[in-house]
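Heads up, the sequence shown is in my numbering, so the first residue is 6 and it goes up one at a time. Note that beta-carbon positions come from the ideal geometry of N, C-alpha and C, so glycine has one too. Structure record follows, encoded as structure tokens.
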Amino acid sequence: MLAAVMTTEGIQHLLSLPMAAVSTASSTSSPPHNTTMCTTHSTEHVKGSHEFTVAGYSLQKRKGVEHSISSGSFEVGGYSWAVRFYPAGRTKEDEGHISVYLELRSTVVEKVTARLRFGVNGASASSLPYERF
Numbered sequence: 006m007l008a009a010v011m012t013t014e015g016i017q018h019l020l021s022l023p024m025a026a027v028s029t030a031s032s033t034s035s036p037p038h039n040t041t042m043c044t045t046h047s048t049e050h051v052k053g054s055h056e057f058t059v060a061g062y063s064l065q066k067r068k069g070v071e072h073s074i075s076s077g078s079f080e081v082g083g084y085s086w087a088v089r090f091y092p093a094g095r096t097k098e099d100e101g102h103i104s105v106y107l108e109l110r111s112t113v114v115e116k117v118t119a120r121l122r123f124g125v126n127g128a129s130a131s132s133l134p135y136e137r138f
């Protein structure tokens with residue numbers, strides 16, 4: 006029956022068209038074509054450092070809880086960052102402890118993950134553990 010259809014004038018015209026040829030080929034006994042799609046997500050790892058010195062720490066600490074000092078902005082990985090330091094703690098619960106925050110100042114459209122190490126009184130940053138944000 007397929008041979009009878011293949012000989013008609015209408016099918017000959019359709020076979021000359023690329024879409025019809027593909028369609029006809031898939032209607033024969035050949036196995037169906039499998040389509041495979043692949044997407045890739047890559048993560049860029051960038052390292053950077055910033056030194057932020059707080060002069061007059063004891064005087065700053067006397068200003069109390071919620072008083073903060075901010076570093077200047079710095080760039081790492083194409084994003085703008087800053088360190089915010091609370092010498093006497095950010096909240097009443099933090100009182101008596103320092104609080105350190107890494108602020109992402111850039112507007113972002115995707116998730117950004119950062120790891121931070123900081124030292125006090127010149128401690129070697131390489132010996133400190135990372136904190137992930």
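Secondary structure note for Ser63: its alpha helix (DSSP H) is the uninterrupted segment 62 to 66. In this structure, the straight-line span from the alpha carbon of Val113 to that of Asn39 is close to 38 Å. For the options Gly124, Ala119, Asn126, Phe123, the alpha carbon positioned closest to that of Lys52 is the one of Ala119. Comparing C-alpha distances from Gly94 to each of Lys116, Glu115, Arg67, Trp86 shows the shortest one belongs to Arg67.
Between the alpha carbons of Ile74 and Glu49 lies a gap of roughly 30 Å. Its chain contains Tyr91, Gly94, Arg95 as the residues whose beta carbon lies nearer than 7 Å to that of Ser104, once the 5 sequence neighbours on both sides are disregarded; these appear in chain order. By the neighbour-count criterion, in which 16 or more other beta carbons inside 10 Å mark a residue as buried, Val88 falls on the buried side. With respect to Leu109, Trp86 sits close: the two C-beta atoms are nearer than 8 Å.
Each of Ala60, Gly69, Glu56, Tyr62 was checked against the Cα of Lys97, and the nearest Cα belongs to Gly69.
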